[in-house]
Amino acid sequence: MEAVDIVLWPVALDFKLEDLRSRGPGEIAVAFINGSVRSSEHEMWVKILREKSQLVVAFGACAHLGGIPGLANCTTRAEIFQNKYVRSATVENSKGVLPQLETWVDSYCLELPETWNTVHSLNQVIDVDYYLPGCAPPPDSIAKAVQAILSGNLPPKGSVIAPDKSLCETCPRNETKPETFTIDSFRRLATSTPDPEKCFLVDGFVCLGPATRGGCGERCIRGNMPCRGCFGPPPDVLDQGAKFLASLGSISSGKTVEEVRSFADSLADPMGTLYRFSLPSSLLQRRAGGKEVSR
Amino acid sequence: MTQRITINPITRLEGHGKIEIFLDESGDVERAFFQVPELRGFETFCLGRPAEEMARITPRICGVCPTAHHMASVKALDDLWQVDPPPAAKKLRELAYNSFMFEDHLLHFYYLGGPDFVVGPTAPKEKRNILGVIDKVGTDVALKLIHMRKEVRRMLEAMMGKVIHPVFGLPGGVSKGMTEAERTDYREIAENAVQFAQFTLKVFDSVVLQEKQYVDLIIGEAYQHKTYYMGLVDRQNRVSFYDGDVRVVRPDGKESARFSPRDYHAHIAEHVEPWSYITFPYLKSIGWSGFVDGPSSGIYRVAPLARLNASAGMATPLAQLEHDRMYETLGGKPAHNTLAFHWARLVETLQAAERMQELLSDTEITGRDIRVCPTKTPTEGVGIVEAPRGTLIHHYWTDAKGMLTRVNLIVATNHNAAPIAMSVERAAKALIKGGQVNDGLLNMIEMAFRAYDPCHACATHALPGQMPLRANIYDSAARLLLTLEKDLPGVL
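The listed protein sequences derive, respectively, from chains U and L. Note that our numbering has the first sequence beginning at 1, numbered continuously upward. Note that our numbering has the second sequence beginning at 1001, numbered continuously upward.
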């Protein structure tokens, strides 16, 4: 295949939903879908794209893992609505008006899609052929994926299109990371500045490198900031947060229960840090008590 | 019977939206609504997180202006911990910010909003895009644009870690400094940026301002609203993107308010409608009186034209000349012409480029002291920057350990939500008559929101090196309109 036609790209091209609907099943060679799925409208779009496309690529961390918006699975839709539309410091809404699925304005009926209680990764809603990880996916890996598709030289279905290595293996600071090391507590970036050359973990900062797949070009690290895990877990790891937690035992210098507890307490916000990009696709998926509420 | 027209999705913007138009029996527009169909809840799911992580979390609000969120967040963190960054850190942030503004505005002109003018508002939909623009302005201009954006983004990646979702901002400074060799390298980029901004203003002049039909469109009634205007200004009330106080002017141009970021909530309130997930901000002192313009309605506008209207002028000399020329043509300041946002955006592009040049000619920017580490106990902080699309407010409250207990965000498109709804309805009423509807007319209704630049998209960012494919663009009759060859280094 030497040429492509773009049939839908809302940010850059003027094709609409009806243009997509008018296509036959499998008529589109490949759909790159970004974003997590958390509303009836998202579901409608991804299902149509699945039907019309031979290949579906989950593009970026949100589609791949649920992404940062997936942290909403720590809360509920009701809390989100209350904070946004009622309790906000600037909202004036004494009647407690909330967005409705159907609103009559004079004689006109306006509809809104339903926001679900739970954020989903793309493969929890439709069948996904490939995953292009990262937030955002680096341009060279997009180019590689496009090349692979154009040449038909595709990896097995379900592959994550990125190296099968952990980030630490390609990290420019890997040489400063000894085989074994210990720290007594984690430092916060708010009140400490990382050394520009040292392994962040050895320097006492949470860095998700050991629990993250490589291939991102280590861009955050070159910006002197630790990894937050946007490429998702390395191959054969199911749960990124659990993988990182498992490695903590070996780096704590604590010898007493108190010391170990103080080490554990120094890790601020484990949920939001270790599952920054992957909560919906993790073993946890969401805070308990939310599942029985719709989707 | 009422006929209903739905435009879904609206296109050439970042994010989602749809337009519902209702026609009466004679086929004229009775009402039109602009709806935003989603909400993600950052204000809620960020609670309990360490505040300093907000600079890395909130850029994900938008794949297109992550740098604006990063910077508003970092400034809120400075305020939260009561730290004043050293001069080099401030300059690095301001340089990154102006460079981002420069390339983001260019993206909008050439990729998102520009096609309506350069290719034509009623051109076939297959042509109304960047590829149509390349067709019209020539491949050499396209190559220049791609090269320019690539160079700016190379600099931004080195400075900020990542161009999309930067990481370098920390409370009290930045994580990484600039070397003298880098500064020398980047100075050429800034020089080229000034030239390219001037060149783009010339393109606008020849493609838009020399065409009577476009000028008529810009000054026509279909695209006008007399509202309040808001923007950040420096001490001399000049347009400022990174820092300053917020100034609001009345529809007649007189100052209505001028306040420091911390006081924003005394001046801005948000209205909720059940038919959209977006809230509708208005001026508290004037009040909400529905979707109407004029001095007795609290609706105000933000983003390029609003910023220029709310200022005494530009902060750099070449941009000031363009500012004067624009208002002369539009018949005075403030100007209420929604489509003139495109013009004001290019005037701002020039200011951003000139500011890049100024900052890079300052050796202080390579200073090694790039951070003051916080030592005070945090409670509350507000950060405001001007995003390409308008005033962006981040407000955090924390416990004594700096863990978030409350968050309020008012993002740029938020401020313009009511004006966009009004602009879409006015355009629909002016353009659809007697049930005559076609793709070109519907696109002209979309132009009413596009002028506000509701953000940009990751998807349009440059791929390094060679574009590995050829894109053929066909019209509806399957005739080949344009081929992008494989050797075009590029963007798609």
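Cβ atoms here follow ideal geometry from the backbone N, Cα and C, with glycine treated the same way. Note that the structure is predicted; figures quoted are calculated from it, not measured.
Outcome for residue i when other beta-carbon atoms lying within 10 angstroms are tallied against a minimum of 16
{"i": "L/E1056", "result": "In the sequence on display, residue 1056 of chain L carries Arg and not Glu. Flag for L/R1056 reads buried."}
{"i": "L/A1459", "result": "Low confidence applies to L/A1459: its pLDDT is 24, below 50, so where it sits in the model is not reliable, and the reading given next is rough at best. With 16 or more other Cβ atoms within 10 Å, it is buried."}
{"i": "L/V1163", "result": "buried"}
{"i": "U/N153", "result": "exposed"}
{"i": "U/E18", "result": "exposed"}
{"i": "L/G1290", "result": "exposed"}
{"i": "L/S1361", "result": "exposed"}
{"i": "U/K165", "result": "exposed"}
{"i": "L/N1408", "result": "buried"}
{"i": "U/D14", "result": "buried"}
{"i": "U/G229", "result": "buried"}
{"i": "L/E1386", "result": "buried"}
{"i": "U/K47", "result": "exposed"}
{"i": "U/G215", "result": "buried"}
{"i": "L/L1469", "result": "Because the pLDDT at L/L1469 is just 30, under 50, the model does not fix this residue reliably, and the point stays unresolved."}
{"i": "L/V1036", "result": "buried"}
Assumed close pair residue i, residue j - CB separation to whole angstroms, cut-off 8 Å
{"i": "L/R1345", "j": "L/H1108", "result": "6 Å"}
{"i": "U/G67", "j": "U/F231", "result": "No, U/G67 and U/F231 are not in contact; Cβ-Cβ is about 12 Å, not under 8 Å."}
{"i": "L/H1265", "j": "U/T75", "result": "No, L/H1265 and U/T75 are not in contact; Cβ-Cβ is about 23 Å, not under 8 Å."}
{"i": "L/P1009", "j": "U/K16", "result": "7 Å"}
{"i": "L/P1166", "j": "L/T1058", "result": "Contact doesn't hold; Cβ gap of about 11 Å is too wide."}
{"i": "L/L1039", "j": "U/T115", "result": "6 Å"}
{"i": "L/A1310", "j": "L/Y1229", "result": "4 Å"}
{"i": "L/A1315", "j": "L/D1216", "result": "Wrong, their Cβ atoms sit about 32 Å apart, outside the cutoff."}
{"i": "U/C168", "j": "U/P113", "result": "Not a contact, Cβ separation roughly 41 Å."}
{"i": "L/G1383", "j": "L/V1119", "result": "Actually they are not in contact, since the Cβ atoms of L/G1383 and L/V1119 sit about 38 Å apart, beyond 8 Å."}
Proximity winner among the options, relative to residue i (alpha-carbon distances)
{"i": "U/K95", "options": "U/V86, U/E102, U/L101", "result": "U/V86"}
{"i": "L/F1117", "options": "L/L1077, L/A1421, L/A1340", "result": "L/A1340"}
{"i": "L/W1343", "options": "L/A1353, L/E1358, L/Q1357, L/Y1327", "result": "L/Y1327"}
{"i": "U/I33", "options": "U/P210, U/L110, U/Q147, U/P137", "result": "U/P137"}
{"i": "L/A1353", "options": "L/P1334, L/I1134, L/E1103", "result": "L/E1103"}
{"i": "U/L98", "options": "L/Y1242, L/N1237, L/I1278, L/P1050", "result": "L/I1278"}
{"i": "L/A1158", "options": "L/G1177, L/G1132, L/K1144", "result": "L/G1177"}
{"i": "L/E1380", "options": "L/I1370, L/T1398, L/V1372", "result": "L/T1398"}
{"i": "L/T1185", "options": "L/M1155, L/A1335, L/A1306, L/K1091", "result": "For clarity, residue 1185 of chain L is Asp in the given sequence; the question names Thr instead. When each option's Cα is compared against that of L/D1185, the closest is L/M1155."}
{"i": "L/C1062", "options": "U/P155, U/C135, U/Q100, U/M271", "result": "U/C135"}
{"i": "L/I1286", "options": "L/A1257, L/E1273, L/P1261, L/R1307", "result": "L/A1257"}
Own chain residues within Cβ distance below 6 Å of residue i, not counting five before or after
{"i": "U/P25", "result": "E51"}
{"i": "L/E1030", "result": "F1022, D1024"}
{"i": "U/P234", "result": "S166, R213"}
{"i": "U/A12", "result": "none"}
{"i": "U/L132", "result": "V57, F59, A145, I161"}
{"i": "U/A29", "result": "Q54"}
{"i": "L/Q1210", "result": "none"}
{"i": "L/F1033", "result": "E1020"}
Proximal residues to residue i (C-beta, below 7 Å), its chain only, five neighbours per side dropped
{"i": "L/T1363", "result": "none"}
{"i": "L/L1095", "result": "M1356, L1359, L1360, I1365"}
{"i": "L/H1456", "result": "Confidence is the limiting factor: at L/H1456 the pLDDT is only 28, short of 50, which leaves the residue's position unreliable, though a coordinate-based value still follows. Taken in chain order, the residues that qualify are E1014, V1064, C1065, D1104, L1107, H1108, L1112."}
{"i": "L/A1089", "result": "G1173, V1174, I1370, R1371"}
Under 8 Å from the C-beta of residue i: neighbouring residues of chain U
{"i": "L/Y1277", "result": "P99, L112, T115"}
{"i": "L/W1343", "result": "Result: empty, since nearest Cβ-Cβ is about 22 Å, beyond 8 Å."}
{"i": "L/K1433", "result": "Residues of chain U passing the Cβ test: none, with the nearest at roughly 19 Å."}
{"i": "L/P1274", "result": "V97, L98, P99, Q100, T103"}
{"i": "L/M1160", "result": "G223"}
{"i": "L/E1052", "result": "R188, L189, A190"}
{"i": "L/C1373", "result": "T191, S192, T193"}
Within chain U, partners of residue i - CB distance below 9 Å
{"i": "L/G1048", "result": "C74, D269, M271, G272"}
{"i": "L/L1170", "result": "L189, A190, T193, M225"}
{"i": "L/S1175", "result": "L189, T193, P194, P196, G223, N224, M225"}
Cβ shell of residue i (< 8 Å), same chain only, five flanking positions each side left out
{"i": "U/D129", "result": "L55, V56, V57, K157, G158"}
{"i": "L/E1052", "result": "L1077, L1170, P1171, G1402"}
Neighbour list for residue i in chain L, Cβ cutoff strictly below 7 Å
{"i": "U/Y108", "result": "F1022, R1031"}
{"i": "U/E41", "result": "P1037"}
{"i": "U/I68", "result": "I1057, R1060"}
{"i": "U/E79", "result": "T1044"}
{"i": "U/N93", "result": "V1272"}
Chain-ordered neighbours of residue i on chain L, where CB pairs are closer than 9 Å
{"i": "U/E51", "result": "Those do not exist, as U/E51 stays about 18 Å from chain L at its closest Cβ, beyond 9 Å."}
Interface partners of residue i on chain U, CB under 7 Å
{"i": "L/H1265", "result": "A89, T90"}
{"i": "L/E1182", "result": "The contacting residues do not exist; L/E1182 stays about 13 Å from chain U at best."}
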